[in-house]
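Have a look at the structure below before the remarks.
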Amino acid sequence: MGNGLDDLRAALHRIDGRGYKAYRDVRGRWERPDLVLCIDRVQGDPFAAPSKLRLRVPQEAAELPARLFSNPVRRTALADFLTRRAARAVRGGQRRGSGKSGLVEVDAGGQRRGSGKSGLVEVDAGGQQVLERTACVITDAWVELRVQAGLPAAGRRVLGREAEELLCDELPELAAAALCWERLPQEEAARFVDCIENQEHLRSQLDGRGLVAFVADGALLPRQSGASDRPLAPDEAVLFEAPEALRVELSLLHPVEGPNGPRDRLRGLGVPRGVTLVVGGGYHGKSTLLRALESAVYPHVPGDGREWVVSAPGLAKIRAEDGRRVEQVDISAFVSDLPQGRSTARFSSDDASGSTSQAANIVEAIEAGATGLLLDEDTSATNFMVRDARMQALVAKEHEPITPFLERVREIHDHLGISTVLVMGGCGDYFEVADTVIAMRAFRPEDATREARAIADASPSERRNEALVPFEAVTQRVPEASSFDPSRGRRDVKIAAKARDLVLFGTDAIDLRCVEQLVDLSQTRAVGHAVHLAATRFVDGEATLREVVDRLEAFFDAQGLDALDPHHRDEHHPGDFARPRGLEIAAAINRLRTLRMRQKPRQATEKHEARDDGVPAK
Ligand code: ADP
Ligand code: MG
């Protein structure tokens, strides 16, 4: 098409008062020199999901400085920043007449005009984490914001004048306010981009320093509440301070302002590879530290409090998850000889127990390429974690199928090269297997490694090692293509993210409540579509789940996330995906109730290969 924006005005006048379907006439591309407005998908009626639009501003008009998107990390960061500006401007539109503050006047949120979603504008901005997302795309030639908007209606009739205001005045103003450099808070934008790149720079140093995570001095870890990921007010929080024995210093790429002027290095706690125990009394901040490490596989926005906390990218949170489905997982390292002679080398269940689900979660995470495990006693099955000397005396090994994690955690590191950080306030038997012990005392970490070792030496646990066979590798599995079915009713593909933790996939509901490192609804949405993309492109009856997920990740690296949209063709695409890790995509596949897998025979010589730091310790 390629008509002018004025032609759009005329078209909207023409359809004013007609049935809602007439909006289809304005689909397509409308231009003026400083803006292209693409109306990609028009909603069927005022109450349906809002229409999808793109606002593209050429770089000659936007003038975003090239140094702010000179590599993929900086590009993602800048796009994230612009998306947040746009979302804020949309929300700010509710405050009418705030022109001077730089906010645009867009009707949004509760302030609709007309029926259904009339006048509603949505931009998919992130929360505390900064993720690769599709809401904003920056190229050398243009910058594009993807929005969803409810086209105005009275009843089911087109409100042409209101539509004109929305499409021809307000959305262009939104594009200018959120995408054009002269309208942006320039220093804040540059600091945001530098901050995200700094975090990736810190992360890149972990491996070389033999660390799995870093928590800078001064970090603010506690959150407002279990329901809010925002930081606790600084005057209510104890800021993090590393114990001297575990303190490391990492370099920054861009100096940051400190209390004594600019700094180009940060000091803080280095969590070493190996087995790390976090101990301490109840309510002393153990779980809060672990949750910060879980989230720190992603960068955080400046001001989050965790922006100088970074984890190795392959850390996987593991927990018990009774009731989950398990398909053909070899959990024999942890569970053997179930009642009724059920095999645990090929364990399947529609309703796994606390301990078998936790065993499956570990084996699956390792299979999918995790480089480290994070466990919290709060969310673990007790009988999976420990079996003490007294219990060994009372219940003979022949009557206890479980080999507890305690007996495997060293092998998981020494043979498989996978580190563990474990919160355990309740059982000192772990002192014997830990390389590092961090004690939390009133929210302050102390190094308790020597003390714990001395205690273990002075009073041995008397526990016998009951592991019968060594744990040296996990068995890879091959998913069957026919077991993925996204169809529902007359629709060939029906996939919807209902919440952060729930995806509808065809007639199946994938329960992601215990997949705790999914942090954003748009990531969950991407996971749902990624499962389908994997099934149609990479699952071939030969590829292992690990290979499928690796190919998917390579595909996203090359193509971006736009290809996830089932309606994707040429210039049609969604603006509401955020990138998940391969581990979470694998976790979703593993939780499909229809999934069928077959185990790949293990070669005798096969050694486990972890994704990044797979160098087993001597
Ligand atoms: P634990 O796991 O040791 O029982 P939690 O990590 O659950 O303890 O923390 C207990 C409470 O203390 C939580 O409400 C948490 O938000 C709060 N908290 C944790 N760390 C801090 C801190 N550094 N400063 C202030 N409050 C904190
Ligand atoms: Mg706790």
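If you're matching positions, the sequence shown starts at -14 in my numbering and goes up one per residue. Ideal Cβ positions, reconstructed from N, Cα and C, are used throughout, including at glycine.
Close Cβ partners of residue i (< 7 Å) along its chain, the five nearest in sequence each way excluded
i	result
R291	A204, L206, A277, S280, A281, H285
T529	Q461, R462, V463, K585
A34	Q28
R554	With a pLDDT of 48 at R554, under the threshold of 50, the modelled position of this residue cannot be trusted; read the value that follows with caution. No residues qualify anywhere along the chain.
G42	The displayed chain sequence assigns Val, not Gly, to residue 42. Here the set comprises D19, L20, W127, V128, A160, L164, C165.
Proximal residues to residue i (C-beta, below 6 Å), its chain only, five neighbours per side dropped
i	result
V394	V260, T405, V418
D249	L237, P240
E457	H400
R3	V143
E556	Bear in mind that a pLDDT of 46 at E556, under 50, signals an unreliable position, so the number given afterwards is only what the model happens to contain. Within the same chain, E556 has no close Cβ partners at all.
G567	V534, E538
D361	S272, L275, V408
A452	T388, E392
P247	P240
A423	Here the sequence assigns Ile to residue 423, which means Ala is not the residue at that position. Hits under 6 Å: V263, P430.
G270	M425, F428
A481	L489
W166	E48, L49
A572	V500
Start and end residues, alpha helix (DSSP H) containing residue i
i	result
K271	271 to 280
G77	57 to 77
D542	530 to 544
P559	Taken as a continuous stretch (DSSP letters only), P559 belongs to no alpha helix (DSSP H), as it is neither H nor E.
P464	Premise fails: P464 lies in the beta strand (DSSP E), 462 to 464, not in any alpha helix (DSSP H).
P157	156 to 164
A33	Unbroken run through A33: none, as it is neither H nor E.
L300	Here L300 belongs to no alpha helix (DSSP H); instead the beta strand (DSSP E) covers 300 to 303.
I397	394 to 399
A515	506 to 522
S340	339 to 352
F369	367 to 370
E147	145 to 149
Presumed contact (8 Å Cβ cut-off) between residue i and residue j, rounded CB distance
i	j	result
F66	V178	7 Å
A120	D561	7 Å
P137	L156	Contact flag wrong, Cβ pair sits at about 12 Å.
K102	P31	6 Å
I303	L358	5 Å
I181	V58	6 Å
G112	G266	Not really, about 31 Å apart at Cβ, beyond 8 Å.
W293	G253	7 Å
G195	R258	5 Å
A511	A563	6 Å
F369	A305	7 Å
Residues that residue i bridges to, as DSSP identifies them
i	result
T421	T261
P430	M425
D493	F490
W15	N(-12), L22
R188	R188 is not bridged to any residue.
C121	L130
L254	V200, R232
E107	Q133
L607	As displayed, the chain neither begins before -14 nor continues past 603, which places residue 607 out of reach and without an answer.
G246	G243
G4	R142
H285	Q114
T405	V260, L358
Extent of the continuous beta strand (DSSP E) run through residue i
i	result
M582	582 to 584
G357	357 to 361
A616	Within the shown structure, residues of the chain are numbered from -14 to 603, placing residue 616 beyond reach of any answer.
S236	232 to 243
C412	No beta strand (DSSP E) holds C412; DSSP gives it neither H nor E.
R208	208 to 210
R215	213 to 216
Cut-off 8 Å between Cβ atoms - residues of its own chain near residue i, not counting five sequence neighbours on either side
i	result
V600	Confidence at V600 is low in this model, with a pLDDT of 47, below 50, so the placement of that residue should be treated as unreliable; the coordinate-derived value is given next. For V600, where only same-chain residues beyond five positions count, the Cβ hits under 8 Å are G402.
R583	Q313, R462, V463, E465
L577	R310, S468, F469, F490, D493, I495, V516
D373	C412, D414, S446, R448
R176	P287
L159	L40, A71, A74, V75, V89, V91, V106, L130, V132
K85	Below a pLDDT of 50, predicted positions are generally treated as unreliable, and K85, at 29, falls in that range; the measurement from the model is reported next regardless. Same-chain partners within the cutoff: there are none.
G145	L(-3), H(-2), R(-1), I0, D1, G2
Open item on the list: Just to be sure I understand the criterion: a residue counts if its Cβ is closer than 5 Å to at least one heavy atom of the ligand ADP. Which residues meet that?
Closed with: P207, A222, V223, G267, Y268, H269, G270, K271, S272, T273, F428
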